[in-house]
Amino acid sequence: MRFPSLVALVSLASCAFAQDTSIADVVTAFNNADVPNAFGIQFNPTALLQVTFTRNGAPTTFSSGTNVPRDVGASDPGPYVIATVDPDGGQFGHVRHFLAGNYQLNTATNDLTNTSQAITAWFQPTPGAGNPAHRYVFWAFKQSPNFNEQRLVNAQTYIGNWNLSSFASQTGLGDPVAASFMLVRQ
């Protein structure tokens, strides 16, 4: 499966906008894929994350959800940090496929749009031929006040062997507010 570009549109949506119909099933999917343990991250989000790619000229949308109370959702305008990581990188460890801050929420549309250049530009999923499917996890964090001053990662920083939980801790991001993941195989 090829995803030539990441649309600069990521949505934090309440349950009504999610593709999934059962929060329990989404949480089960995350746990069955061992996503929280693979990252060493507490995963108690407060919103759903929907990601849209352009694939062969057409939008491809998938979503995964979390247990979001109906009176709590993505009403905070941000900013947010979005990180995409493959925890199945083998000898490369966890591979950072995307990292950007300054995502702002349009509360009328529930769309997050980026207002600055990505720290790590989108790196297309490329699991090796014959390998099992890789988990590509999209994490949304409430951006810490000093995030833009962080110097742990820049455009030249190696994308492999990346520890998201350590990065989140060192940059004051805390726990993610939402996440989604997809499986990709060659």
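According to the working numbering, the sequence shown is numbered sequentially starting from 5. All C-beta atoms, glycine included, are put in the ideal place defined by N, C-alpha and C.
A Cβ-Cβ contact shorter than 9 Å links His-101 with Pro-129. Secondary structure of Gln-108 (DSSP, three-state): strand. Inter-residue distance for Ser-148 and Gln-190 is about 36 Å (C-alpha atoms, whole angstroms). Counting every other CB atom within 10 Å of its CB across the protein chains shown gives Ser-120 a total below 16, marking it as exposed.
Ranking Val-99, Asn-36, Pro-81 by CA distance to the CA of Pro-131 puts Val-99 first.
Within 10 angstroms of the beta-carbon of Arg-139 lie 16 or more other beta-carbons, which makes it buried. Counting along the chain, the unbroken beta strand (DSSP E) around Asn-118 starts and ends at 115-118.
Counting every other CB atom within 10 Å of its CB across the protein chains shown gives Gly-82 a total of 16 or more, marking it as buried. The segment 153-173 and the segment 35-46 touch, with three or more beta-carbon pairs separated by less than 8 Å. The Cβ atoms of Trp-126 and Val-89 do not sit closer than 9 Å to each other. In the DSSP assignment, Ser-148 falls outside any alpha helix (DSSP H) and carries neither an H nor an E.
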